[in-house]
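Shown next, in structure tokens, is the structure this report addresses.
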Amino acid sequence: MQGAQPAAFLQMVPLLLIFVVFYFMLIRPQKTKEKEHLKMLESLNKNDEVVTSAGIHGVIVNVKDKTVVVRIDENVKMEVEKNCISIVKKGNG
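Note that the working numbering has the sequence shown beginning at 4, numbered continuously upward.
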């Protein structure tokens with residue numbers, strides 16, 4: 004029966020190796036990207052030029068707890084969730 008134990012362990016090695024590869028190639032970079040996105044959302048300020056996940060370009064007029072008001076044209080403002088902001092192009096100060 005002792006001969007079966009090393010064989011069972013050797014069968015698990017490829018699965019463990021696959022998990023390690025997935026962790027370093029998929030899971031870890033995704034978590035890093037998510038942390039950077041959250042940091043970017045926390046630093047949103049008035050007059051930042053942003054692009055939403057829907058592709059709408061605008062300038063932040065007001066920052067609230069969970070939402071921001073974005074001016075997309077003169078006299079056209081839209082309130083969107085902060086997590087829908089995908090890119091901050093630049094801040095005008």
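For each residue, glycine too, the CB sits at the ideal point set by N, CA and C.
(message) So, at 8 Å on beta carbons, what are the nonlocal neighbours of Lys-80 in its own chain, with the 5 sequence-adjacent residues on each side left out?
(response) Val-64, Val-72, Val-73, Arg-74
(message) Restricting to Cα atoms, I'd like to know which of Phe-22, Gly-61, Gln-14 is closest to Val-83.
(response) Gly-61
(request) Measure the Cβ-Cβ separation of Val-54 and Lys-85 and say whether it is below 8 Å. (result) no
(message) Which residues does DSSP list as the beta-bridge partners of Ile-90?
(response) Val-54
(message) I need the straight-line Cα distance from Met-15 to Glu-39, nearest angstrom please.
(response) 35 Å
(message) Give me the DSSP bridge partner(s) of Thr-35.
(response) DSSP, once it has assigned bridges, lists no residue as partnering Thr-35.
(request) Report the option in Ser-46, Ile-21, Val-23 whose CA atom is closest to the CA atom of Asp-2. (result) Absent from the model: residue 2. The displayed extent of the chain is 4 to 96, so no value can be given.
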